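For reference, the structure discussed in these notes is given below.
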């Protein structure tokens, strides 16, 4: 039987990132999300007759910084081009984008697949404007009218195109994760895939192992999470492998990922593909990017995720897995370092963040961290309470949840709820004696060498004290009283 | 009617007031425009209100500048806030811009008064103003003839004394050729000299707004008010604007004038050719040194233009789709149907022809052979001029190979395109070009003399034109329009 393993999977990825500028790409309108429809528009972003675009300098800076972070060559000159097609969400019926002369070319992004880092080439980084949004009354099929909201029209986008260097769906997900982290670190994009500020299209083709020529590629759109990208590519790789094995030809086409149905669906084949009739935008002069400007922007680059991950391993002795997870966003990594500064047990802090904090937070991006109800110092204070024996680790988890829900700090909750750990040997001794008296069979088991009995008895003491007993002390008291094992 | 320059003096002396002058122009429009059809919209009320405000400024002794109270006609391709801007197209028949073009902001700040919006070839595509979706404009010198185009309404309005001056736009000759046909002075400034913000685009890399007036001084005064860098137009250039009025009296002693041999072609009207050679003699007499120069790629300019301009037009006019503003075909079944019918019904023949030409020139597989090659020709044309301007200061030649022709005379689009053979290369090279009366045919039709200058050297053009104007009687003739 022929399977995917007989073929090499070739994947190229196109990432569209909405830039975090305050104003639009070619006019002064605000870019804020969620305004009243058409309240953030002007003649320019509505494509009125006679208007002209003016390039947003900040958007160019964001794109240059991204190009630098991706080790690209920043072209000394670049041009905008018009991309034509008719659609009501696009007021001019052309999009100002870049075509033959993009801002940045030829870079790479390191993808770390289980400690075996690989470089995925970056073909180009270019700037363009977003389109508006159609609002239908009811569903598209039954709507009697459609309305257009141009608030998003003209919002700056950056397109980052990889070389066809990605070799598996899993690697595609890793690439996107790494890309997203870089964009968030640079502060150029909020990385929110659900709201669409980060979008991804993929090109995938298969070729027999050992072949050097590329097969026919298929473009996949409509994947709004890393998981979807990976699943869509897995589906498509196996669909193509089956087709090839059956002697079928792959049709060059665009397919949509149907997340609920778990398959890709043909949208349009290349025969009906648009002719975008690109030509240089005559309303804008070629953009000259002075070397001094690039050098100055280079100095503003922050520590990037790869470097920071490396440092987390070397400075804090974290396992690469922890370091990777904690450096996904700058805010998360900053949070981690703030906790560690106040509570110098890097691995303990890492464990708590990975198991407790990330479970509660809706995401790991700037927005999620900014809204986190537990500031870093409060987490450090909670961990300190475990260290000084005030509460047990188990109680601490309950306290953590309460802190997350109420925003109160640990000492307040512990005090109010009387959660202070019983670490008084004389007080605990009485409880230990009661438990031993009530569990004779367990003592018998213990005598016979059954070690688990100790755990059971500790559990009984904890239960009797509502978890407030200091587990170390309970262990010690039990061992003092239990008979010798035979 | 007084010229722009005379108006300022009379307002200051109290001999005339803006209101009386504006009223006189409105009366003349009312009486005679039904014959000429220069205006698409007359803004009577706002003109009178502006005139009243100007009166008060003059009474208070605080006029805002040399254009204060000067009544102007504005080509209907320039956006005017609150006043419909149609481009003489059905598709924009009821379009009212929510904003002013930069030139309008500047003219308003200078105190100028808009009398109305003038007729044109639809979307500035044409050379006779017959392509207006509303009605053709007629030449005030002979109502059976066209005023030229595409700024025919503006040229006719100035020639007929409906306005002291006007604004037009010039993509391939659309200011200079109608100026020639109507016996007025018209200037296409250097590309980038005047902001295009608010000029409804035909071909973005060629379009430029420019003034019409009955004399060179009037054109200089209007250019002074509208020229200069605009942050809203990235293609406008930040080159200092000289004092154009100061340039006028400087004379042309020693001015090097080039005569491009490619601009005296077979088939051109012999009366036009004779007038231009006579004009060259006048310039010599005034102290200019003339020499022949060659612009060897002139032959290819027209072909390159008819690829580049339609290509850009096909893109610029894509926005007229019935979705947001302007005409929408009623009763469409679906989106594609609406697009198709709106554009089929909303655009005229010539506009559709050029959209199709341009769409074809930009299509995959043809782009290099057409648009790409045309751009290379454009570079060669520009280089021709650069080389010529290493030896001379201005070029002198006819504005058009012919004088105003009769309505309906040129039905073949190619014959119409040939009207612009001497003006198109100037747009391709982005240079300033001026047309002024250079004589009359025995039948009494004006002949246009074209002066072409170096980039951003409108001052030299204006000074040469002024010297010629002072030495000849042509500018003082007016059409016998009653």
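Chains as they are written, first to last, in my numbering: chain Y, -10 to 475; chain R, 19 to 500. Even for Gly, the Cβ is constructed at its ideal location relative to N, Cα and C. Please read these numbers as outputs of a predicted model, since none were measured by experiment.
For residue i, report the span of its beta strand (DSSP E) as first-last.
i: residue 211 of chain Y; result: 207 to 212
i: residue 150 of chain Y; result: 145 to 151
i: residue 455 of chain R; result: 451 to 458
i: residue 468 of chain R; result: 464 to 471
i: residue 138 of chain Y; result: 135 to 138
i: residue 254 of chain R; result: Taken as a continuous stretch (DSSP letters only), residue 254 of chain R belongs to no beta strand (DSSP E), as it is neither H nor E.
i: residue 116 of chain Y; result: 105 to 118
i: residue 423 of chain R; result: From DSSP, residue 423 of chain R is part of no beta strand (DSSP E); its letter is neither H nor E.
i: residue -2 of chain Y; result: -4 to 7
i: residue 73 of chain Y; result: 70 to 73
Exposed or buried, what is residue i when buried is set at 16 or more other beta-carbons lying within 10 Å of its beta-carbon?
i: residue 374 of chain R; result: exposed
i: residue 292 of chain R; result: exposed
i: residue 194 of chain R; result: buried
i: residue 140 of chain R; result: buried
i: residue 494 of chain R; result: exposed
i: residue 202 of chain Y; result: exposed
i: residue 319 of chain Y; result: buried
i: residue 25 of chain R; result: buried
i: residue 263 of chain Y; result: exposed
i: residue 115 of chain Y; result: buried
i: residue 455 of chain R; result: buried
i: residue 243 of chain R; result: buried
i: residue 100 of chain R; result: exposed
Could you name the residues of the same chain whose beta carbon sits closer than 8 Å to that of residue i, not counting the 5 residues immediately before and after it, in chain order?
i: residue 235 of chain R; result: 21, 22, 23, 263, 266, 484
i: residue 283 of chain R; result: 419, 439
i: residue 454 of chain Y; result: 411, 417, 420
i: residue 205 of chain Y; result: 194, 238, 239, 240, 241
i: residue 53 of chain Y; result: 63, 92, 93, 278, 282, 283, 286
Given residue i, which residues of its chain have a CB within under 6 Å of its CB, disregarding the five upstream and five downstream residues?
i: residue 122 of chain R; result: 98
i: residue 486 of chain Y; result: Past the edges of chain Y, shown from -10 to 475, lies residue 486 of chain Y, and the structure says nothing about it.
i: residue 452 of chain R; result: 205, 469, 479, 483
i: residue 220 of chain R; result: 141, 142, 189, 331
i: residue 51 of chain Y; result: 8, 177
i: residue 32 of chain Y; result: 40
i: residue 74 of chain Y; result: 263
Span of the alpha helix (DSSP H) holding residue i?
i: residue 200 of chain R; result: 194 to 200
i: residue 301 of chain Y; result: 294 to 305
i: residue 289 of chain Y; result: Neither: residue 289 of chain Y is in no alpha helix (DSSP H) and is coded neither H nor E.
i: residue 154 of chain R; result: Taken as a continuous stretch (DSSP letters only), residue 154 of chain R belongs to no alpha helix (DSSP H), as it is neither H nor E.
i: residue 69 of chain R; result: 62 to 77
i: residue 355 of chain R; result: 353 to 364
Give every residue of the same chain whose Cβ lies closer than 7 Å to the Cβ of residue i, excluding the five residues on either side of it in the sequence, and list them in chain order.
i: residue 486 of chain Y; result: There is simply no residue 486 of chain Y to check, as chain Y begins at -10 and stops at 475 in what is shown.
i: residue 462 of chain R; result: 159
i: residue -10 of chain Y; result: Low confidence applies to residue -10 of chain Y: its pLDDT is 45, below 50, so where it sits in the model is not reliable enough to give any reading.
i: residue 350 of chain Y; result: 357, 361
Would you verify that the beta carbon of residue i is, or is not, closer than 7 Å to some beta carbon of chain A?
i: residue 330 of chain R; result: Looking at the structure shown, chain A is missing, and the protein chains on hand are Y and R.
In chain order, what residues of the segment 354 to 383 of chain R put their CB closer than 8 Å to some CB of chain Y? Residues passing the 8 Å Cβ filter: 357, 377, 380, 381, 382.
Under 8 Å, CB to CB, which of the residues in the segment 72 to 94 of chain Y have a partner in chain R? Correct list: 73, 75, 77, 80, 81, 82, 83.
Segment contact, 8 Å Cβ cut-off, at least three pairs: the segment 332 to 345 of chain R with the segment 436 to 454 of chain R: No, the segment 332 to 345 of chain R does not touch the segment 436 to 454 of chain R.
If contact is defined by three or more beta carbon pairs under 8 Å, each pair taking one atom from either stretch, is the segment 157 to 174 of chain Y in contact with the segment 13 to 31 of chain Y? Because the criterion of three Cβ pairs below 8 Å is not met, the segment 13 to 31 of chain Y and the segment 157 to 174 of chain Y do not touch.
Mind checking the segment 27 to 49 of chain Y against chain R and listing, in chain order, the residues whose C-beta falls within less than 9 Å of any C-beta there? Those would be 31, 32, 33, 35, 36, 37, 38, 39, 40, 41, 42, 43, 44, in chain order.
Contacting positions in the segment 263 to 293 of chain Y - beta carbon closer than 7 Å to chain R: Close to chain R, meaning a Cβ-Cβ distance shorter than 7 Å, are the following residues of the segment 263 to 293 of chain Y: 264, 266, 268, 271, 272, 273, 274.
Between the segment 125 to 152 of chain Y and chain R, which residues of the former have a C-beta closer than 9 Å to a C-beta of the latter? Those residues of the segment 125 to 152 of chain Y that come within reach of chain R (Cβ to Cβ, closer than 9 Å) are 135, 137, 139.
Give, in chain order, every residue of the segment 285 to 306 of chain R whose Cβ lies closer than 9 Å to some Cβ of chain Y. Of all residues in the segment 285 to 306 of chain R, none places a beta-carbon less than 9 Å from a beta-carbon of chain Y.
For the segment 337 to 354 of chain R, enumerate the residues whose C-beta is nearer than 9 Å to any C-beta of chain Y, in chain order. Those residues of the segment 337 to 354 of chain R that come within reach of chain Y (Cβ to Cβ, closer than 9 Å) are 337, 338, 339, 341, 342, 343, 344, 353, 354.
The segment 43 to 57 of chain R in contact with the segment 175 to 189 of chain R per 3-pair CB rule at 8 Å: Taking a cut-off of 8 Å for Cβ pairs, the segment 43 to 57 of chain R and the segment 175 to 189 of chain R touch, as three or more such pairs fall below it.
Are there three or more Cβ pairs, one per stretch, closer than 8 Å when the segment 26 to 40 of chain R is compared with the segment 70 to 83 of chain R? These segments touch.
Would the segment 65 to 74 of chain Y count as touching the segment 318 to 329 of chain R if we require 3 or more Cβ pairs under 8 Å? In short, these stretches do not touch, since the Cβ pair count stays below three.
Any contact between the segment -6 to 8 of chain Y and the segment 127 to 134 of chain Y? By contact I mean 3 or more CB pairs, one from each, below 8 Å. Short answer: they don't touch.
Okay, do the segment 370 to 384 of chain R and the segment 299 to 306 of chain R touch, 3+ Cβ pairs below 8 Å being the bar? Counting C-beta pairs with one atom in each stretch, the segment 370 to 384 of chain R and the segment 299 to 306 of chain R have fewer than three that are closer than 8 Å, which means they do not touch.
At least three beta-carbon pairs within less than 8 Å, the segment 123 to 137 of chain R to the segment 150 to 158 of chain R: A contact exists between the segment 123 to 137 of chain R and the segment 150 to 158 of chain R.
Please name the residues in the segment 199 to 218 of chain R whose beta-carbon is closer than 7 Å to at least one beta-carbon of chain Y, in chain order. Of all residues in the segment 199 to 218 of chain R, 214, 215, 216, 217, 218 have a Cβ within less than 7 Å of some Cβ in chain Y.
Would you check if there are 3 or more beta carbon pairs closer than 8 Å linking the segment 399 to 409 of chain R to the segment 356 to 368 of chain R? Short answer: they don't touch.
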